[in-house]
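**Q** For reference, each letter of the sequence shown is one residue, going 714 to 1268 in the working numbering. Ideal Cβ placement from N, Cα and C applies to all residues, glycine included. All of these numbers come straight from a predicted model, not from anything done at the bench. Below is one structure. I have some questions about it.
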Amino acid sequence: METKSKTNAWFLFAAGVIGILTAAAIRWSLTHPFGIHWDEAQYLDDIQIDGQRLRTGHLLKLIGRIFIKPEGRPPAYRLLALPFIGAFGYHTTEARLVSLCCFVLTAFFIFLAARRIAGPIAGAFAALIFALSPEVLSASIFFGTDAPLFLATASMLYYIFTAWNETERSTSTWIGLGCSVALGFLAKTSFLLIAIPVLVFWLVTSYWTHGKIPSLLSERKAAVLACVIAGPWWLLNIKEAIGYGRYARGFAGNSLGAPSLGTWIRWFETVVRCLLGPALAILIALVISAFVIRTLRKRSRLDTAQWASIGACACAGLPIVAEQLSGTNQLLRHISPSMIPLAIVMGVWASASGWLGSWTATALSFVLLAFQTVLLISPVIRPNHEPLDVGFVNATLPTRTMMRFDQWDWQPAVDLADSCHVQAPEIAFLGGGRFLNPPQIQFSWIRRTTSTRAATLSIPTVTWLWRYEQGPIDWQQVMSTAAQNDMVLTAPGYVNDYKGQENQNNEHNAEFVQRLSTDPNYRGPYHFSMGRFAPVDVQVFMKKSLACPTRVAPQ
């Protein structure tokens, strides 16, 4: 029985927790003016250029970048941020606020979805299960593709449940459903594994329930709307999108191993510790136990719409989990959308089992959820002053979700290039890691050039000379490629903070410095200290044909 006092308690608690997480995320963002990894740096580079094109009226170039340039990544994250960046100018936190807004709206739609099928307390409970997932929060605090996918998945499920329970067709429902599906297909290729199983389930269920669940075919307007919005991009980029999805599935950097029982056990451990976190794992286990016991005692009954909703949630979550288990990339961020249907199901089961009807269970839930909140925001309250390992090769521990990452400011390299009278140098580098990669290196040039009204952007081309996946290093090829560039750089003492095989990219950095130091075609090295914790010595060499300053920083 849901009393008004208990309902208010859950509302206030849920709003307070999500508000605290949002405030902590903003505080975290203000201490990270640069991207925290390769992907975010690329996204921030893209939105800066998009914003400059919009502000300066180069609309054809903007449309070409978003809809025609074949990158394989659907553009929802850019489309959502573009109005704000175009209107107010670029700031890293401003871009991340778009992801945070998607995070908050996703929690709201989860609340609405669970409330529709199990009541308002179940809705608040479900929203908290989602919001307190470490991997969900981790994906929502930086600017990227995941937060729009969360919003699309949650809103799609809400409008589906609304359509199932409406006595009369509402215009807002089919418009909302169409926009949700379109947003999903423009957010990430993996939405195929979420939406298609759910829609097939709807088609089959409407036949089996003999009209208790309305026919999927009755939502033709929603389908047309989704095709009109998302269809053009997919028509132009379907080959690249599918290709990028296959590449991401087989990426070895986040792999726990080839599919096997041992790999799946290690994967499950990371799911419990990082996708759920300790408090959520305990709470979910308690709710499932209470539901199973009550069901076996025949005290818990779900109606047709509730069972259908649970089935839809299973279809929304299980396929992306199965896809990950059958591949070699076990990055938990890729399956974090599964927390949305899981949260809704937990809300329904918590209500049906009577868990939410007990003040004792409510108090225990508050304690566990508050404990997880403290774990997540603790790095913001007491920030680390040294680099920390994130936890696993495929996931981040809850106590490190909002830890301070290192930050490399590549502005000294921009200043060096300017002193050599080359605005957009051809750059080559050896090594690799969270801060040593093409989009991170390009960021400072892009930030400077997008502050102008120039039609042609002065952005350097950055060439990665070698990575471990190519096999043993071929020095002749590396030196030959490096010779074609104005600026060559590496970090001989750099150790990437990612676990796994990617650190092999830095095994030859010191030898590369030795070879460049004796090459008569280069001037240098110029030494730059990078990082906020334990500074890393980045060494830069310039072609002697450039009019560079002769002074070299002491070794």
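(1) Going by the beta-carbon positions, is the gap between Glu784 and Tyr957 smaller than 9 Å?
(2) Got a sec? Which residues, its chain only, sit under 7 Å from Trp887 by beta carbon, not counting five neighbours each side?
(3) Locate the beta strand (DSSP E) running through Ala1141, then write down its first and last residues.
(4) Since Ile834 and Thr720 are thought to touch, with beta carbons under 8 Å apart, how far apart are those beta carbons, to the nearest angstrom?
(5) To the nearest angstrom, how far is it from the Cα of Gln1268 to the Cα of Glu1224?
(6) Using a threshold of 9 Å, state whether the C-beta atoms of Leu1178 and Val1191 are closer than that.
(7) Whole angstroms is fine: what's the gap from Trp915's alpha carbon to Leu773's?
(8) Drop a sphere of 10 angstroms on the beta-carbon of Ala1266, count the other beta-carbons inside from all chains shown, and report buried for 16 or more, exposed for fewer.
(9) Using DSSP with H/G/I as helix, E/B as strand and the rest coil, what is Met1115?
(10) Which residues mark the beginning and the end of the beta strand (DSSP E) in which Tyr1207 is found?
(11) Is the stretch 783-799 close to the stretch 873-891, with three or more CB pairs under 8 Å?
(12) What is the C-beta distance between Tyr871 and Leu825, in whole angstroms, given that I count them as a contact (C-beta under 8 Å)?
(13) Count the other C-beta atoms from every protein chain shown that fall within 10 angstroms of the C-beta of Pro945, then say buried if there are 16 or more, exposed otherwise.
(14) Do Ile926 and Ala1021 come within 9 Å of each other at the CB atom, strictly closer than that value?
(15) Taking 9 Å as the threshold (C-beta atoms), are Ala852 and Thr902 in contact?
(16) Using 10 angstroms around the beta-carbon of Pro1248, count the other beta-carbons present and answer buried if the total reaches 16, otherwise exposed.
(17) What ranges does the alpha helix (DSSP H) occupy inside the stretch 868-904, keeping only unbroken runs of at least 4 residues that lie completely in it?
(18) Buried or exposed for Leu930, going by 16 or more other Cβ atoms inside 10 Å?
(19) Using the Cα positions of Ile731 and Ser846, report the straight-line distance between them to the nearest angstrom.
(20) Please say whether Ala727 and Ala840 have beta carbons closer to each other than 9 Å?
(21) Tell me whether the beta-carbon of Arg962 lies closer than 9 Å to the beta-carbon of Glu1036.
(22) Considering only DSSP beta bridges, list what Val985 is partnered with.
(23) Using the Cα positions of Gln1043 and Ser1230, report the straight-line distance between them to the nearest angstrom.
(24) If you drop the 5 nearest sequence neighbours on each side, which residues of the same chain put their C-beta closer than 6 Å to that of Gly990?
(25) Do Ala794 and Phe856 have their C-beta atoms within less than 9 Å of each other?
(26) Suppose you measure from the CA of Ser1242 to the CA of Ala820; what does that come to, to the nearest Å?
(27) Enumerated in chain order, which unbroken segments of the beta strand (DSSP E) with a length of 3 residues or greater are wholly contained in the stretch 1157-1236?
(28) Residues in the same chain with beta-carbon distance under 7 Å from Leu912, minus the five sequence neighbours each way, listed in chain order, please.
(29) Between the alpha carbons of Pro1054 and Pro1238, how many angstroms are there, rounded?
(30) Identify which residue in Ala971, Val1000 and Leu813 has its Cα closest to the Cα of Ala1074.
(31) Within 10 angstroms of the Cβ of Ser1064, are there 16 or more other Cβ atoms? Answer buried if so, exposed if not.
(32) I think Asn1157 touches Gln1124, with their Cβ atoms under 8 Å apart; what is that distance to the nearest whole Å?
(33) Grab the span of the beta strand (DSSP E) containing Asp1250 for me, first residue to last.
(34) Got a sec? Which residues, its chain only, sit under 7 Å from Phe780 by beta carbon, not counting five neighbours each side?
(35) In three-state DSSP terms, what is Gly799?
(36) So, Leu810 versus Leu864, is the Cβ gap smaller than 9 Å?
**A** Reading from the atomic positions:
(1) What you label residue 784 is simply residue 71 of the sequence shown in a count that begins at 1. What you label residue 957 is simply residue 244 of the sequence shown in a count that begins at 1. Yes, the pair counts as a contact, with Cβ atoms nearer than the cut-off.
(2) For this step, residue 887 is matched to residue 174 along the sequence shown. These residues qualify, in order along the chain: Glu932, Lys934 and Ala935.
(3) Translated into positions along the sequence shown, residue 1141 becomes position 428. Unbroken beta strand (DSSP E) run through Ala1141: Glu1139 to Phe1142.
(4) Residue numbering aside, residue 834 sits at position 121 when the sequence shown is read from its first letter. Residue numbering aside, residue 720 sits at position 7 when the sequence shown is read from its first letter. With a contact defined as Cβ atoms closer than 8 Å, Ile834 and Thr720 qualify at about 6 Å.
(5) Translated into the one-based positions of the sequence shown, residue 1268 becomes position 555. Translated into the one-based positions of the sequence shown, residue 1224 becomes position 511. Its pLDDT being 38, under 50, Gln1268 is placed unreliably in this model, and the value from its coordinates should be taken loosely. So the alpha carbons of these two residues sit roughly 16 Å apart.
(6) Counting from one through the sequence shown, the residue named residue 1178 turns up at place 465. Counting from one through the sequence shown, the residue named residue 1191 turns up at place 478. Result yes, Cβ atoms of Leu1178 and Val1191 sit closer than 9 Å.
(7) The residue given as residue 915 occupies position 202 in the sequence shown. The residue given as residue 773 occupies position 60 in the sequence shown. The alpha-carbon atoms of Trp915 and Leu773 are separated by roughly 40 Å.
(8) Indexing the sequence shown from 1 puts residue 1266 at position 553. With a pLDDT of 45 at Ala1266, under the threshold of 50, the modelled position of this residue cannot be trusted; read the value that follows with caution. Exposed: under 16 other Cβ atoms inside 10 Å.
(9) The residue given as residue 1115 occupies position 402 in the sequence shown. Residue state, collapsed to three classes: coil.
(10) Walking along the sequence shown from the start, residue 1207 turns up at place 494. It is not in any beta strand (DSSP E) - Tyr1207 carries neither H nor E in the DSSP assignment.
(11) The stretch 783-799 vs the stretch 873-891: no contact.
(12) If you number the sequence shown from 1, residue 871 lands on position 158. If you number the sequence shown from 1, residue 825 lands on position 112. Going by Cβ atoms, the distance from Tyr871 to Leu825 rounds to 5 Å, so yes, they are a contact pair.
(13) Here the question's residue 945 lines up with position 232 in the sequence shown. Classified as exposed, Pro945 has fewer than 16 neighbouring CB atoms from the shown chains inside 10 Å of its CB.
(14) To locate residue 1021, count along the sequence shown from 1; it is residue 308. To locate residue 926, count along the sequence shown from 1; it is residue 213. In this structure, Ala1021 places its C-beta atom within 9 Å of the C-beta atom of Ile926.
(15) Position 189 of the sequence shown, counted from the start, is the residue given in the question as residue 902. Position 139 of the sequence shown, counted from the start, is the residue given in the question as residue 852. Not in contact: Thr902 and Ala852 (Cβ atoms no closer than 9 Å).
(16) By 1-based counting over the sequence shown, the position of residue 1248 is 535. Note on Pro1248: under 16 other CB atoms within 10 angstroms of its CB, so exposed under the neighbour-count rule.
(17) The qualifying runs are 884-900.
(18) Along the sequence shown, read from residue 1 onward, the residue named residue 930 stands at position 217. Flag for Leu930 reads exposed.
(19) The count along the sequence shown starts at 1 and reaches residue 731 at position 18. The count along the sequence shown starts at 1 and reaches residue 846 at position 133. So the alpha carbons of these two residues sit roughly 12 Å apart.
(20) As a first step, residue 840 is located in the sequence shown; it is residue number 127 there, counting from the start. As a first step, residue 727 is located in the sequence shown; it is residue number 14 there, counting from the start. Result yes, Cβ atoms of Ala840 and Ala727 sit closer than 9 Å.
(21) Numbered from 1 along the sequence shown, position 249 holds the residue referred to as residue 962. Numbered from 1 along the sequence shown, position 323 holds the residue referred to as residue 1036. By the CB criterion at 9 Å, Arg962 and Glu1036 fall inside the cutoff.
(22) Start at 1 with the first residue of the sequence shown, and residue 985 comes out as number 272. Beta bridge pairing from DSSP links Val985 with no other residue.
(23) Numbered from its first residue, the sequence shown carries residue 1043 at position 330. Numbered from its first residue, the sequence shown carries residue 1230 at position 517. Answer to the nearest angstrom: the Cα atoms are 41 Å apart.
(24) Along the sequence shown, one-based indexing puts residue 990 at 277. Pro847, Gln1085 and Pro1111.
(25) Working through the sequence shown from its first residue, we reach residue 794 at position 81. Working through the sequence shown from its first residue, we reach residue 856 at position 143. Cβ distance < 9 Å, so Ala794 and Phe856 count as in contact.
(26) Sequence index remark: in the sequence shown, residue 1242 carries index 529 (1-based). Sequence index remark: in the sequence shown, residue 820 carries index 107 (1-based). Between the alpha carbons of Ser1242 and Ala820 lies a distance of about 42 Å.
(27) For the stretch 1157-1236, the full-length beta strand (DSSP E) segments reaching 3 residues or more read 1174-1177 and 1200-1203 along the chain.
(28) Counting from 1 along the sequence shown, the entry for residue 912 is found at position 199. Contacts found: Leu929.
(29) The residue labelled residue 1054 in the question sits at position 341 within the sequence shown. The residue labelled residue 1238 in the question sits at position 525 within the sequence shown. Cα-Cα distance, rounded: 54 Å.
(30) Here residue 1074 is taken as the residue at index 361 of the sequence shown, counted from 1. Each of Ala971, Val1000 and Leu813 was checked against the Cα of Ala1074, and the nearest Cα belongs to Val1000.
(31) Sequence index remark: in the sequence shown, residue 1064 carries index 351 (1-based). Label assigned to Ser1064: buried.
(32) As a first step, residue 1157 is located in the sequence shown; it is residue number 444 there, counting from the start. As a first step, residue 1124 is located in the sequence shown; it is residue number 411 there, counting from the start. The residue asked about is misnamed: residue 1157 is Ser in this sequence, not Asn. 5 Å between Cβ atoms; contact.
(33) The count along the sequence shown starts at 1 and reaches residue 1250 at position 537. In the DSSP assignment, Asp1250 falls within the beta strand (DSSP E) that extends over Val1249 to Lys1256.
(34) Position 67 of the sequence shown, counted from the start, is the residue given in the question as residue 780. Cβ within range, chain order: Pro945, Trp946 and Leu949.
(35) For the purposes of this step, residue 799 is identified with residue 86 of the sequence shown, where counting begins at 1. Correct three-state label for Gly799: helix.
(36) Residue numbering aside, residue 810 sits at position 97 when the sequence shown is read from its first letter. Residue numbering aside, residue 864 sits at position 151 when the sequence shown is read from its first letter. Leu810 is not a Cβ neighbour of Leu864, given a cutoff of 9 Å.
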